[in-house]
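Colleague: Sequential numbering from 37 applies to the sequence shown in my numbering.
A virtual CB, placed ideally from N, CA and C, is assigned to each residue, including glycine.
In this text the structure is predicted, and so the values were computed from the model without any measurement.
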Amino acid sequence: MTGRGSSTPPRPVPGPALLGRQAEIAHVLDLVDARGTEQRILLLLGEAGTGKSRLLAAAADHARDSGVLVLASQGIEAESRHSFASLHQLLLPVLGDTAALPGHLRTALETAFGIAVDEGPPDSMLLRTAVLTLLGGVSGRHRVLLTLDDVQHMDRDSLDVLAFVMRRLTAHDVTVLMTARGCTAPAGLPADLPAVLLGPLTEQAAAELMDAQPHAPTGRIRIELLRQAGGNPLAIIELCRAAGTGGAGVLPGGGLPRTERIQELYAARLRALPETAQRLILYAAASQGEDLATVMTAAGAGSALSAWAPAEEIGLVAVMDGQVHFRHPLVRTGAYHAAPAHVRQQAHRDLAAALTADPARRAWHLAAACVGQDESVATALEDTAELAERRGGFYAAGQALQRAAECSPAPADRARRYTKALRAAQNVGDPLWVSELYDQITALTEDRDLLGMAACGAGMGLSLFGHQRQAFRVVRRALEPDPPANGMTVVALTSILAAIGYQSGLPEIRDPVTAALEGTRTGDHETPYAELATSDSSDAVRAASLAGADPTRAPELLRRIRQEPAVREPAADIAEMTRLLGLGGVAWYADESDLCVEAHRQGYAMLSAFGAMGSAAPSLAAVGAALIDTGRWAEADEHLDRSAALAAVHKWAHLQSDVEALRTTLRALRGENAGSPADSAWTAVGLEENRATHARLLRAAGTAAAAAGDFDGAFRHFRSLYAEDGTPLHYFLSPRSIADLAAAAQRTGREREAAPVVTAVRAAVGPRPTTRMTLLLHHAAALTGPPKDTEHHFRLATVNPVGDQWPPARAQARLHYAQWLRRRRRPLDARALLVPALESFTRLGAAGLADEARVELRASGVTTASAPARDRADPLAELTAQQREIVRLAARGLRNREIAEQLLLSPRTVSSHLYNVYPKLGVSSRNQLRALFEDL
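So this is what it looks like as structure tokens:
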């Protein structure tokens, strides 16, 4: 499979995969492979554990495999006081070549390394010239790669020589790769060296790295460790190893694992600190982001900032802007667990005493110091959770409520608080955390309302994992035989049931939805659900559930919602957010794609602010499809990237496959060599009970096959969207691919085979199909129906202006109609359809379809044979204005420093932009970039 936006396979990387570093890998390997006189030097910057050394090792392995001589040097702090130690380590493999040097240069080099008799310090200029001459001679026989790791620990004399040499290497076949800790070049190196800063991994890459570890944590611990690691690869690996050994200590905001390995990473530096500094570091580690004054007050350290100086000098913390910042996530873990339990307990008590004006944080520290159960602590934590929810922090609320439940002496209070924690975890979108809490609740209570609330989260979690039948059983047990007394709990349960029914595509799951809602009291708003606290929000959720159960009702349900008074009752943000998601859901089923996108766009913005993207999970794939169908392809890319990250972090199994399917569909529509969706997408969940995912995968595979010219394969995939008798595999998604099936049938001469399917779909969508389905059915009938009716159906498929909101489908209908007209020797009529079709394909960036339209235009007598560049999709259209300018200048041959000077940027910013846009443009080097834009 190729990456999004690229038709070339990714570069192979030696050794274990460097997750999340694809752009950096491509750039480094491109530099290693480069030839010529252009300076080839790169400095990799980043904090400890970001993967600098791994990237350097991968480059060295790749170079050796390519026949390049690798000379390596590792900065060692203990040797940094010895002159030329690092230079000696670097040149040791080629010291035998010094015999070819002129005598005065050989003597200077041997004197520096202590080989020759010490006649005083070597002449600095002779030594620099000797090293440059030596490397020049070696590079005449072999390509050379110099790797300098941890430059910040190299001796200054070596760096002075290497800095001189690097500025003069353009005449030799030598590449230099360096790593250094921090965000800027260390002293001794030129400040303007080309550099790449390795920042934290993306959420998706961090989650993938965590899941690749042996005994990867699950549930709340998994999410907490991802948060604590902050995207640092070393922290992820070490914290996973610690969690796997069972060591966990409680900190406010969550548990941090403990192992001797983590403690020993920083133990020596911590023990070397004065007692006051050690105490301050412990209190800062125990804090929950408290300000500097609070930490110092709790620690009884006075107000002199000089107490922090020893810890700052050795790089453990930075004190700035009234806060204490740990330089590495593992420093906090190691510092906290290095202290005995009673000392940590006292630290939390002292911090609680210092936080009398902040009840929320005070409650957390009281809980951390609490041994056993304490109702006063539980109550304080519950109050903290309510405050966190109002501020939009569902994750923090869920943590507080779970800890409150653990501190609750009474089983009834424990069950109630666990249930509230589960609802927060559901909003966060963590199915494993929800599952853990559900088990606690069912063991504690038989209260039907609490069990109903718990079943909402458990059912949704199982559905996201792909277990639709199991999810159905959980929700049905909560509804039957005795439904919850609270009507809004029933509304919430049926909304989950409708989501399960849609994803499964199974009628036995959808059918109970309508019956369950019929007996629900619409005016019952005495509910624990803030999401359903208004009639607007509950009505929208009910309508979305009913539309999901029976899409033929969706247009009427949407009409009713739109007829509701424009002035709504006052609603909290969360209720308005729920109303928007419900409205977007009804619009999806009613084929009102623009409204679907806009409502969800507003709802997602609010969800993101609340940290509650879990509520968006069931709709993410639908919105991605709507963006593709309405021609918003750049926005679709961004949406699918966000969805992929969420799916990876929270392990939403079916959504990961859905995203892969939609990305494949989009690549194919753009005319790229998309291939079929990856094998893992077909096996991640059971497709028999996840028919929505199955339908998306089949559509993606069919679209990719058609784009590659394999219309037999396309027909096979599209035909699999329907049973032998034409019954849709998925009751809603399959009918939306009926025109694709018809087009593949027409290309392969299987019109008669497809015609019964068209008839079956027409019956399935009911007597009053949506406008979109009406257009698709006319398009399909024109391609597969009786010849006498062909033009009638083509006209009906292309004349309705409402169809313009689906540009890809409208343009394809015009193209097919024009092809039919031209083959009947009506080229003038065909041209009138081909011109707007070509404009649409070009605007969308559908290169393959645009080329097909051009061929038809030429055949109809229009002399636009060359398809000039202005008609082609602009390859820069999806980049920012600044990225477009950087790419244009780079394509003209300007180097990063020259681009930076023109645009008033730093060379590092230019470098970062280029490496981020390479995958979007389908290139991996500057040479490919120049070829792509050779018209500039």
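With a cut-off of 8 Å on the beta carbons, I'd call Ile77 and Leu184 a contact; round off their distance for me.
Modeller: The count along the sequence shown starts at 1 and reaches residue 77 at position 41. The count along the sequence shown starts at 1 and reaches residue 184 at position 148. Not quite, the Cβ-Cβ distance comes to about 10 Å (not below 8 Å), so this is no contact.
Colleague: When DSSP builds the beta bridges, which residues end up paired with Phe362?
Modeller: Here residue 362 is taken as the residue at index 326 of the sequence shown, counted from 1. In the DSSP assignment, Phe362 forms a beta bridge with Val353.
Colleague: Among Pro447, Arg862 and Asn268, which residue has its Cα nearest to the Cα of His364?
Modeller: The residue you call residue 364 lines up with position 328 of the sequence shown. Measuring from the Cα of His364, the nearest candidate turns out to be Asn268.
Colleague: Restricting to Cα atoms, I'd like to know which of Asn726, Thr729, Val464 and Phe751 is closest to Gly738.
Modeller: The sequence position of residue 738 within the sequence shown is 702, counting from 1. For Gly738, the nearest C-alpha among the options comes from Phe751.
Colleague: Cα separation between Pro5 and Leu515?
Modeller: The structure shown does not extend to residue 5, since the chain spans only 37 to 972, so no value can be given for it.
Colleague: Locate the beta strand (DSSP E) running through Val212, then write down its first and last residues.
Modeller: As a first step, residue 212 must be located in the sequence shown, where it is residue number 176. Val210 to Arg217 is the span of the beta strand (DSSP E), which, as asked, contains Val212.
Colleague: Under 7 Å between the Cβ atoms of Ala460 and Ala440?
Modeller: Numbered from its first residue, the sequence shown carries residue 460 at position 424. Numbered from its first residue, the sequence shown carries residue 440 at position 404. It is not a contact, given that the beta carbons lie outside the stated cut-off.
Colleague: Whole angstroms are fine: how far does the CA of Gly218 sit from the CA of Arg920?
Modeller: If you number the sequence shown from 1, residue 920 lands on position 884. If you number the sequence shown from 1, residue 218 lands on position 182. One C-alpha to the other measures close to 29 Å.
Colleague: To which residues of the same chain is Leu733 closer than 7 Å at the C-beta, ignoring the five residues directly before and after it?
Modeller: Residue 733 sits at position 697 when you count from the first residue of the sequence shown. So the qualifying residues of the chain are Ser693, Ala697, Pro713, Ala717 and Trp718.
Colleague: DSSP state of Leu81, grouped into three classes?
Modeller: Residue 81 sits at position 45 when you count from the first residue of the sequence shown. Note: Leu81 maps to strand in three-state DSSP.
Colleague: Assign Thr44 to one of two classes, buried (16 or more other C-beta atoms within 10 Å of its C-beta) or exposed (fewer than that).
Modeller: Residue 44 sits at position 8 when you count from the first residue of the sequence shown. Residue placement at Thr44 cannot be trusted, given a pLDDT of 37 that sits under 50; the coordinates are not used to answer.
Colleague: Roughly how many angstroms separate the alpha carbons of Arg71 and Arg879, rounded to a whole number?
Modeller: Position 35 of the sequence shown, counting from 1, holds the residue named residue 71. Position 843 of the sequence shown, counting from 1, holds the residue named residue 879. In a straight line, the C-alpha of Arg71 is about 38 Å away from that of Arg879.
Colleague: Using three-state DSSP, classify Val180 as helix, strand or coil.
Modeller: On the sequence shown, position 144 is the one that residue 180 refers to. Val180 falls in the strand class under three-state DSSP.
Colleague: List the whole-angstrom C-beta distance separating Gly618 from Ala648, where the pair is believed to meet the contact cut-off of C-beta under 8 Å.
Modeller: For the purposes of this step, residue 618 is taken as the residue at position 582 of the sequence shown. For the purposes of this step, residue 648 is taken as the residue at position 612 of the sequence shown. Not a contact, Cβ separation roughly 15 Å.
Colleague: Alpha carbon to alpha carbon, how far is Thr784 from Ala661?
Modeller: Residue mapping note: residue 784 aligns to position 748 of the sequence shown, counting from 1. Residue mapping note: residue 661 aligns to position 625 of the sequence shown, counting from 1. Taking the straight line from one Cα to the other gives about 27 Å.
Colleague: Under 8 Å: do the stretch 921-932 and the stretch 888-895 share three or more Cβ pairs, one atom per stretch?
Modeller: no
Colleague: Could you spell out the range, first to last residue, of the alpha helix (DSSP H) harbouring Leu55?
Modeller: Numbered from its first residue, the sequence shown carries residue 55 at position 19. That residue, Leu55, is in no alpha helix (DSSP H); it is neither H nor E in DSSP.
Colleague: Leaving out the 5 sequence neighbours to the left and right, which residues in its chain are closer than 8 Å to Leu568 when beta-carbon positions are compared?
Modeller: The sequence position of residue 568 within the sequence shown is 532, counting from 1. Correct list, in chain order: Met524, Val527, Ala528, His561, Ser574, Val577, Ala611 and Thr614.
Colleague: Are there 16 or more other CB atoms within 10 angstroms of the CB of Thr392, so buried, or fewer, so exposed?
Modeller: Position 356 of the sequence shown, counting from 1, holds the residue named residue 392. Flag for Thr392 reads exposed.
Colleague: Tell me the rounded alpha-carbon separation between Asp746 and Phe754.
Modeller: Residue mapping note: residue 746 aligns to position 710 of the sequence shown, counting from 1. Residue mapping note: residue 754 aligns to position 718 of the sequence shown, counting from 1. Whole-angstrom Cα-Cα distance: 12 Å.
Colleague: Who pairs with Gln438 in a beta bridge, going by DSSP?
Modeller: Along the sequence shown, read from residue 1 onward, the residue named residue 438 stands at position 402. In DSSP, Gln438 forms no bridge with anything.
Colleague: Please work out which residues of its chain come closer than 6 Å, Cβ to Cβ, to Ala479, disregarding the five sequence neighbours upstream and downstream, and give them in chain order.
Modeller: Working through the sequence shown from its first residue, we reach residue 479 at position 443. Nothing meets the Cβ criterion.
Colleague: Does DSSP put Leu107 in a helix, a strand or coil?
Modeller: By 1-based counting over the sequence shown, the position of residue 107 is 71. In this structure, Leu107 counts as strand in the three-state DSSP scheme.
Colleague: If you drop the 5 nearest sequence neighbours on each side, which residues of the same chain put their C-beta closer than 7 Å to that of Arg90?
Modeller: Reading the sequence shown from its first residue, position 54 is the one you call residue 90. Only residues of its own chain outside the window of five on either side were considered, and among them Leu54 have a CB closer than 7 Å to the CB of Arg90, listed in chain order.
Colleague: Is Trp688 near Ala658, with beta carbons less than 7 Å apart?
Modeller: Locating residue 688 in the sequence shown gives position 652, counting from the first residue. Locating residue 658 in the sequence shown gives position 622, counting from the first residue. Result no, Cβ atoms of Trp688 and Ala658 do not sit closer than 7 Å.
Colleague: For Asn463, collect the residues of the same chain with a Cβ closer than 7 Å to its Cβ; drop the 5 residues on either side in sequence, then sort them by chain order.
Modeller: Start at 1 with the first residue of the sequence shown, and residue 463 comes out as number 427. Excluding residues within five positions, the ones whose Cβ falls inside 7 Å are Phe430, Ala648, Gly650 and Ser651.
Colleague: So, using beta-carbon positions, are Val510 and Thr530 closer together than 7 Å?
Modeller: Position 474 of the sequence shown holds residue 510. Position 494 of the sequence shown holds residue 530. Taking 7 Å as the Cβ cut-off, Val510 and Thr530 do not qualify as a contacting pair.
Colleague: Which runs of the alpha helix (DSSP H) spanning at least 4 residues fall entirely within the stretch 794-842, listed in chain order?
Modeller: 807-820 and 826-835
Colleague: Does the beta-carbon of Gly434 have 16 or more other beta-carbons within 10 angstroms, so that it is buried, or is it exposed?
Modeller: Against the sequence shown, residue 434 aligns to sequence position 398. Buried, by the Cβ-count rule.
Colleague: With DSSP run on the structure shown, which of helix, strand or coil describes Asp547?
Modeller: For the purposes of this step, residue 547 is taken as residue 511 along the sequence shown, with counting starting at 1. Looking at Asp547 - three-state DSSP - the assignment turns out to be coil, as it is neither helix nor strand.
Colleague: For Ala847, collect the residues of the same chain with a Cβ closer than 6 Å to its Cβ; drop the 5 residues on either side in sequence, then sort them by chain order.
Modeller: As a first step, residue 847 must be located in the sequence shown, where it is residue number 811. Exclusion of the five residues before and after Ala847 leaves Ala873, Ser876 and Phe877 as the residues of its chain whose Cβ lies within less than 6 Å of its Cβ.
Colleague: Tell me which residue opens and which closes the beta strand (DSSP E) that Val232 is part of.
Modeller: The residue given as residue 232 occupies position 196 in the sequence shown. Residues Ala231 to Leu233.
Colleague: By how many angstroms is the C-alpha of Ala62 removed from the C-alpha of Glu115?
Modeller: For the purposes of this step, residue 115 is taken as residue 79 along the sequence shown, with counting starting at 1. For the purposes of this step, residue 62 is taken as residue 26 along the sequence shown, with counting starting at 1. When rounded, the distance between both Cα atoms is 33 Å.
Colleague: To the nearest angstrom, how far is it from the Cα of Ala313 to the Cα of Gln75?
Modeller: The count along the sequence shown starts at 1 and reaches residue 313 at position 277. The count along the sequence shown starts at 1 and reaches residue 75 at position 39. Whole-angstrom Cα-Cα distance: 46 Å.
Colleague: Got a sec? Which residues, its chain only, sit under 7 Å from Arg808 by beta carbon, not counting five neighbours each side?
Modeller: One-based indexing of the sequence shown puts residue 808 at position 772. So the list reads Asp627 and Trp842, once near-sequence residues are dropped.
Colleague: So the candidates are Ala936, Leu162 and Ser194; which of them puts its Cα closest to the Cα of Ala139?
Modeller: Sequence index remark: in the sequence shown, residue 139 carries index 103 (1-based). Per the sequence shown, the amino acid found at residue 139 is Gly instead of Ala. When each option's Cα is compared against that of Gly139, the closest is Leu162.
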